[in-house]
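Just below is one structure, and these are the notes that go with it.
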Amino acid sequence: MPVKILTEHINVPGIDTFEVYRKMGGYTAVEKALKKMTPEEIVEEVKKSGVRGRGGAGFPMGMKWSFLAKPEGVPRYLVCNADESEPGTFKDHYLMKNNPHLLIEGMIVSSFALGANKSFIYVRGELMYVIHILEKAIEEAKAAGFLGKNILGTGYDLELVVQPGGGAYICGEETALLESLEGKRGNPRNKPPFPAVKGLYQCPTVVNNVESISNTPWIVNNGGEAYAALGVGRSTGTKLISVSGHVNKPGVYEIPLGITVEDFIYADEWCGGIRPGHHLKAVVAGGSSVPILPANLILTLANGDKRLMTYESLSDGGFATGTMLGSGGFIVMDETTCIVRNTLTFARFYHHESCGQCSPCREGTGWMDKVLDRIEHGKGNMRDIDLLVDVAKKIEGNTICPLGDAAAWPIAAAIRHFRHEFEWHVTHPLEATKPGAVYRGEMELV
Amino acid sequence: MTETTHTVAFTTERLAKAKEIIARYPEGKQKSALLPLLHLAQEQYGWVSPEVMDYVAGLLNILPIEVYEVASFYTMFHLDPVGKHVIEYCRTGPCCLMGGEDVYGYLKTKLGINTGETTPDGKFTIKEVECLAACGWGPVFQVREKYYMNLTNDKIDEIIDELSKD
Numbered sequence: 000m001p002v003k004i005l006t007e008h009i010n011v012p013g014i015d016t017f018e019v020y021r022k023m024g025g026y027t028a029v030e031k032a033l034k035k036m037t038p039e040e041i042v043e044e045v046k047k048s049g050v051r052g053r054g055g056a057g058f059p060m061g062m063k064w065s066f067l068a069k070p071e072g073v074p075r076y077l078v079c080n081a082d083e084s085e086p087g088t089f090k091d092h093y094l095m096k097n098n099p100h101l102l103i104e105g106m107i108v109s110s111f112a113l114g115a116n117k118s119f120i121y122v123r124g125e126l127m128y129v130i131h132i133l134e135k136a137i138e139e140a141k142a143a144g145f146l147g148k149n150i151l152g153t154g155y156d157l158e159l160v161v162q163p164g165g166g167a168y169i170c171g172e173e174t175a176l177l178e179s180l181e182g183k184r185g186n187p188r189n190k191p192p193f194p195a196v197k198g199l200y201q202c203p204t205v206v207n208n209v210e211s212i213s214n215t216p217w218i219v220n221n222g223g224e225a226y227a228a229l230g231v232g233r234s235t236g237t238k239l240i241s242v243s244g245h246v247n248k249p250g251v252y253e254i255p256l257g258i259t260v261e262d263f264i265y266a267d268e269w270c271g272g273i274r275p276g277h278h279l280k281a282v283v284a285g286g287s288s289v290p291i292l293p294a295n296l297i298l299t300l301a302n303g304d305k306r307l308m309t310y311e312s313l314s315d316g317g318f319a320t321g322t323m324l325g326s327g328g329f330i331v332m333d334e335t336t337c338i339v340r341n342t343l344t345f346a347r348f349y350h351h352e353s354c355g356q357c358s359p360c361r362e363g364t365g366w367m368d369k370v371l372d373r374i375e376h377g378k379g380n381m382r383d384i385d386l387l388v389d390v391a392k393k394i395e396g397n398t399i400c401p402l403g404d405a406a407a408w409p410i411a412a413a414i415r416h417f418r419h420e421f422e423w424h425v426t427h428p429l430e431a432t433k434p435g436a437v438y439r440g441e442m443e444l445v
Numbered sequence: 000m001t002e003t004t005h006t007v008a009f010t011t012e013r014l015a016k017a018k019e020i021i022a023r024y025p026e027g028k029q030k031s032a033l034l035p036l037l038h039l040a041q042e043q044y045g046w047v048s049p050e051v052m053d054y055v056a057g058l059l060n061i062l063p064i065e066v067y068e069v070a071s072f073y074t075m076f077h078l079d080p081v082g083k084h085v086i087e088y089c090r091t092g093p094c095c096l097m098g099g100e101d102v103y104g105y106l107k108t109k110l111g112i113n114t115g116e117t118t119p120d121g122k123f124t125i126k127e128v129e130c131l132a133a134c135g136w137g138p139v140f141q142v143r144e145k146y147y148m149n150l151t152n153d154k155i156d157e158i159i160d161e162l163s164k165d
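Read top to bottom, the protein sequences are chains A and B. The first sequence begins at 0 in numbering that gives the first Met the number 0 and counts up one residue at a time. The second sequence begins at 0 in numbering that gives the first Met the number 0 and counts up one residue at a time.
What follows is the structure, given as structure tokens:
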């Protein structure tokens with residue numbers, strides 16, 4: 000059995016209560032960290048672990064921690080990003096609702112390591128029921144002496160605040176999240192200064208994803224080297240993958256980084272294959288923002304090797320033949336999927352979620368939505384396809400935050416790999432606009 | 000102050016909750032309580048009217064415009080009156096792959112209203128929203144704090160029956 004760092008006890012009845020969580024070995028990392036380690040030693044272990052930001056960017060967490068400015072007399076903050084909104088991604092939702100104490104424990108050891116005495120968990124507002132679960136867990140931890148003043152008699156104080164968002168994808172971007180936490184619109188900030196220097200309330204701040212923080216108790220207990228021993232190369236540890244779409248067993252899986260994509264899709268231990276009678280057509284491997292890949296490219300690299308579930312292997316070949324691990328939102332599509340229609344739902348999403356601050360994104364996402372809508376409804380022409388590529392190119396890299404890139408990539412990739420489907424909508428508008436119509440021409444299925 | 004302004008106020012219980020929330024943030028950073036307070040207000044009134052926003056501004060000692068610009072940015076806040084039960088269905092890719100469009104179509108036919116509308120008896124409003132972070136359990140909709148997942152036409156019948164009793 001592969002090592003489970005985050006989900007080993009997730010199905011234990013009552014694991015959401017302090018009592019059961021503690022019985023299963025919970026909060027030992029807090030005892031070890033606060034009583035036997037210095038903050039610097041914890042940061043060192045997290046660095047050694049090689050764990051990378053699990054929100055999507057994959058930036059080494061220990062390095063991010065080491066950038067935190069420490070001016071005298073200025074409070075420092077840890078903010079947990081639980082604004083999970085990337086289409087295809089629901090792992091943090093799953094983790095927090097089932098095992099809230101794991102995140103609380105991670106928040107305590109991470110806050111101690113960073114020298115924060117007040118930390119925030121910013122949860123997307125739609126998950127209000129999860130906020131109640133977290134608040135109850137916090138109360139329990141406080142009652143047991145693991146939160147509040149003078150934790151375990153060590154002199155360390157920590158208060159945890161759970162903050163609801165208001166329904167805005169953009170607040171998953173860390174500076175927009177900080178703006179939102181300050182009670183403002185979620186407009187991303189210009190960088191520099193980075194949050195590590197001027198973050199929440201203009202104080203040094205670290206923003207980390209739920210899954211990233213939830214790894215820290217295990218790292219404290221077992222050491223960074225043990226964590227780094229799992230996985231392959233620079234993709235260390237395990238990763239939660241959210242699986243949706245046309246597989247037999249959608250859900251959240253904790254995988255050791257390094258298994259093959261083929262195994263992940265077809266093995267009974269994971270997705271259990273494509274639903275009966277159907278074939279794999281395409282996969283969006285890391286949340287809606289990453290490039291879609293057709294079946295053959297997601298399974299196999301250009302050199303014929305099998306593609307692996309790692310940061311490096313998924314991005315092998317660049318955007319020409321590769322994609323990204325991103326947030327691990329793994330959306331699987333069989334041959335009944337119309338790529339144009341699916342791409343349109345993504346375009347509509349980014350149009351809706353653009354904060355409107357930068358013109359290329361505000362205007363571009365709207366144009367892409369409109370042009371795609373035209374093609375999907377049989378009213379497009381061939382020039383529209385190139386127009387989409389052109390608009391995508393003009394958004395990419397020209398905005399304050401990565402939402403622009405995130406909106407441009409999926410559209411450019413869908414046209415790169417499935418151009419014939421877009422053309423078919425133009426040349427066969429009557430056929431293409433019938434309910435449930437899907438291009439059945441030249442197509443490689445697996 | 001208009002007369003309506005006087006009529007808007009948190010219940011005693013919610014006012015206590017609001018004060019507890021405001022005290023969570025460092026001195027001088029009380030504006031951070033804005034989103035939590037708007038949620039609290041919407042819980043009480045069902046939607047966020049200009050009067051409610053003015054009231055929240057007063058509690059936080061900020062300008063009303065600071066509340067308006069925030070309330071209108073975040074999609075969860077209803078700036079117009081809504082029905083007793085607001086059904087917010089996810090229209091994003093993964094839910095559509097699982098047959099979302101058909102199921103939501105059934106919901107609209109069953110209630111006899113379109114997205115953005117409220118039933119004449121004021122019981123149901125349908126809204127479409129973007130990804131609700133429950134993609135593996137799609138199609139999904141949310142009614143207040145509750146998630147309804149793996150939706151089918153039959154399930155929708157049951158849910159609407161249940162909510163109609165309320």
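Cβ coordinates follow ideal geometry from the N, Cα and C atoms, glycine included.
query                                                                                                                       : result
Interface positions of the stretch 241 to 261 of chain A facing chain B (Cβ-Cβ less than 8 Å), listed along the chain       : S241, V242, S243, G244, H245, P249, G250 and V251
Sub-8 Å separation of A:V78 and A:T174 beta-carbons                                                                         : no
Uninterrupted beta strand (DSSP E) stretches inside the stretch 71 to 138 of chain B (no shorter than 3 residues)           : 84 to 89 and 123 to 128
Simplified DSSP state of A:C400, which is helix, strand or coil                                                             : coil
Length at least 3, wholly inside the stretch 161 to 223 of chain A: the beta strand (DSSP E) runs in chain order            : 204 to 208
Own chain partners of A:G124 with C-beta closer than 7 Å, once the 5 adjacent residues on each side are dropped             : P163, G164, G165 and G166
Any 3 or more C-beta pairs closer than 8 Å across the stretch 122 to 132 of chain B and the stretch 79 to 94 of chain B     : yes
Proximity below 8 Å, CB of A:V160 to CB of A:F119                                                                           : yes
For A:A319, the first and last residue of its enclosing alpha helix (DSSP H)                                                : G317 to T320
Where the stretch 340 to 354 of chain A meets chain B: residues whose CB sits under 7 Å from a CB there                     : N341, T344, F345, F348, H351 and E352
B:A132 at chain A interface by Cβ criterion, 8 Å                                                                            : yes
A:K47 versus A:G54, A:L176, A:K63 and A:V282, residue with shortest Cα-Cα distance                                          : A:K63
Proximity of A:E104 and A:P192 at Cβ, strictly below 8 Å                                                                    : no
CB contact below 8 Å: A:A167 versus chain B                                                                                 : yes
Stretch pair the stretch 425 to 432 of chain A + the stretch 377 to 384 of chain A: three plus CB contacts closer than 8 Å  : yes
Endpoints, the alpha helix (DSSP H) within which A:S358 is located                                                          : S358 to E375
Beta strand (DSSP E) runs contained entirely in the stretch 24 to 89 of chain A, provided each spans 3 or more residues     : 76 to 81
Interface partners of B:L33 on chain A, CB under 7 Å                                                                        : G182
Assigned secondary structure, B:F140 (DSSP; H/G/I helix, E/B strand, else coil)                                             : strand
Contact with chain A by B:K28, beta-carbon distance below 8 Å                                                               : yes
C-alpha gap between A:A287 and B:M97, whole angstroms                                                                       : It is Ser, not Ala, that sits at residue 287 of chain A in the sequence shown. So the two alpha carbons sit approximately 16 Å from each other.
Bridge partners - A:S243, DSSP secondary structure assignment                                                               : A:I330
Chain B within 8 Å of A:E83, Cβ atoms only                                                                                  : yes
Contact under 8 Å by Cβ, A:I240 with A:F329                                                                                 : yes
Alpha-carbon to alpha-carbon, A:E181 and A:M381                                                                             : 47 Å
Under 8 Å between C-beta atoms of A:P187 and A:Q356                                                                         : yes
Three-state secondary structure assigned by DSSP to A:P293                                                                  : strand
Cβ separation of A:Y121 and A:N80, assumed to be a contact under 8 Å, to the nearest whole Å                                : 6 Å
Contacting positions in the stretch 42 to 72 of chain B - beta carbon closer than 7 Å to chain A                            : E68, V69 and F72
8 Å Cβ cut-off: residues of chain B touching A:T174                                                                         : The contacting residues do not exist; A:T174 stays about 15 Å from chain B at best.
Same chain, Cβ closer than 7 Å to A:N189, five either side skipped, listed in chain order                                   : I399
Candidates A:R418, A:P409, A:D82 and A:F17: closest to B:G92 by CA position                                                 : A:P409
The stretch 348 to 362 of chain A contacting the stretch 317 to 334 of chain A, beta-carbon criterion three pairs below 8 Å : no
Span of the beta strand (DSSP E), counted from its first residue to its last, around A:V251                                 : G250 to P255
CA nearest to the CA of B:P63, picked from B:Y73, B:V51 and B:Y146                                                          : B:V51
Closest Cα partner of A:M60 within the set A:T235, A:E261, A:G144 and A:E139                                                : A:T235
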